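Going by our numbering, the sequence shown opens with residue 2, and the numbers climb by one from there.
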Amino acid sequence: MLYIIIFAVLYGLIPFLLVGYIDGREKIKPIIPFTLVVFLASLYEFFGSILFQINVEQWFLIYSLLAFFAIHYFFYKILNKKFAHLFKILILFYLIFYFASRFGLRSLNYLDISSYLNVYQTIIVLLFSVLWFRKIFQEFQIEKLLDSPTFYFISGLLIYYCGSVAIFLMANDLYAKDKNSLQYFWLVNIILNFVLRTLLIVGIWKARPI
2 MLYIIIFAVL
12 YGLIPFLLVG
22 YIDGREKIKP
32 IIPFTLVVFL
42 ASLYEFFGSI
52 LFQINVEQWF
62 LIYSLLAFFA
72 IHYFFYKILN
82 KKFAHLFKIL
92 ILFYLIFYFA
102 SRFGLRSLNY
112 LDISSYLNVY
122 QTIIVLLFSV
132 LWFRKIFQEF
142 QIEKLLDSPT
152 FYFISGLLIY
162 YCGSVAIFLM
172 ANDLYAKDKN
182 SLQYFWLVNI
192 ILNFVLRTLL
202 IVGIWKARPI
């Protein structure tokens, strides 16, 4: 299982590195911050978690914050900066809960906080994905969705967050009952990460000039 984890972690370096080799970067500009977050996460997980065995509790929460803003930026851009008030409200509620849970609600551990943040992020991904699909079908901007880099980015986010939300919600109970069983559920999270990163790569590759 260690080799699978190492492969999945290092695989996360590819999307951001691939961005530098694509000439059509304007098409994928909204997703670049998220690929950078994934890149940094891969580096930290490889060196910090795997090689040096550093406690990852704080990193999970930092990653959640970085990913939230990167994904928010992505949807804000592809929706042509519409729904600005909605974006601001969602950011405000996220920050209130994030800092309250980390520095105020001492009864919550990092698994609880991560699960609640993951649920919130999943709702946001679902909401803005629906708005993007509605926008596309109303404006008839794309003849073939499979030719759109954004379609692959959104598909990756939907698959990952909708697939992992149950894992995060059960993580604390599983860890309390049987630490070993959590590893098998975490393997599902690794697979979902692999799918997300693969779709990021495919989307970036689709942006290249033909």
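Cβ coordinates follow ideal geometry from the N, Cα and C atoms, glycine included. Bear in mind that the values here come from a model prediction, so they are computed numbers and not experimental data.
Bounding residues of the alpha helix (DSSP H) (the contiguous stretch that carries residue i)
i: L33; result: Correcting the residue type first, residue 33 is Ile in the shown sequence and not Leu. From DSSP, the alpha helix (DSSP H) with I33 extends over I33 to L44.
i: A71; result: E58 to I79
i: I124; result: Y111 to E140
i: R26; result: R26 to I29
i: S149; result: Element bounds for S149: n/a, residue is neither H nor E.
i: F94; result: A85 to F104
i: L1; result: A question about residue 1 goes unanswered here, because the residues of the chain that appear run from 2 up to 211.
Inter-residue spacing [alpha-carbon to alpha-carbon] between residue i and residue j
i: L222; j: L146; result: An answer regarding residue 222 cannot be provided, because it is not within the stretch 2 to 211 covered by the chain.
i: F152; j: K207; result: 10 Å
i: V189; j: G157; result: 15 Å
i: I15; j: L62; result: 23 Å
i: I125; j: F76; result: 9 Å
i: E27; j: K89; result: 25 Å
i: F8; j: L200; result: 16 Å
i: A68; j: S116; result: 14 Å
i: F135; j: L80; result: Checking the displayed sequence, the identity of residue 135 turns out to be Arg instead of Phe. Computed Cα separation, rounded: 10 Å.
i: D24; j: I191; result: 30 Å
i: V203; j: P150; result: 8 Å
i: F104; j: L91; result: 20 Å
i: M171; j: Y22; result: 40 Å
i: L66; j: D148; result: 31 Å
i: V131; j: V39; result: 24 Å
i: D113; j: W133; result: 30 Å
i: N119; j: E140; result: 31 Å
i: I6; j: F138; result: 39 Å
i: W60; j: F53; result: 14 Å
i: L87; j: H73; result: 11 Å
Contact belief for residue i with residue j at Cβ below 8 Å, rounded distance in angstroms
i: L19; j: I155; result: Their Cβ separation, rounded to whole angstroms, is 18 Å, which puts L19 and I155 out of contact at 8 Å.
i: Y12; j: R209; result: Actually they are not in contact, since the Cβ atoms of Y12 and R209 sit about 20 Å apart, beyond 8 Å.
i: K83; j: P31; result: K83 to P31, Cβ: 14 Å. No contact.
i: I160; j: V196; result: 5 Å
i: D95; j: Y121; result: The question names Asp, but residue 95 in the sequence shown is Tyr. At roughly 6 Å, the Cβ-Cβ gap stays under 8 Å, so Y95 and Y121 are in contact.
i: I85; j: P34; result: It should be noted that the sequence gives Ala, not Ile, for residue 85. Incorrect: roughly 18 Å between the Cβ atoms, too far for contact.
i: G164; j: L193; result: 5 Å
i: L55; j: V10; result: Reading off the sequence shown, one finds Ile at residue 55, where the question assumed Leu. Not confirmed; about 14 Å, so no contact.
i: Y111; j: E58; result: 4 Å
Test: residue i CB closer than 8 Å to a CB of chain B
i: A101; result: Of the protein chains in the structure, only one exists, and it is not chain B.
Is it the case that the region 43 to 50 contacts the region 91 to 101, given that we only count it when at least three CB pairs across the two stretches are under 8 Å? No, because fewer than three Cβ pairs between the region 91 to 101 and the region 43 to 50 fall closer than 8 Å, the two stretches do not touch.
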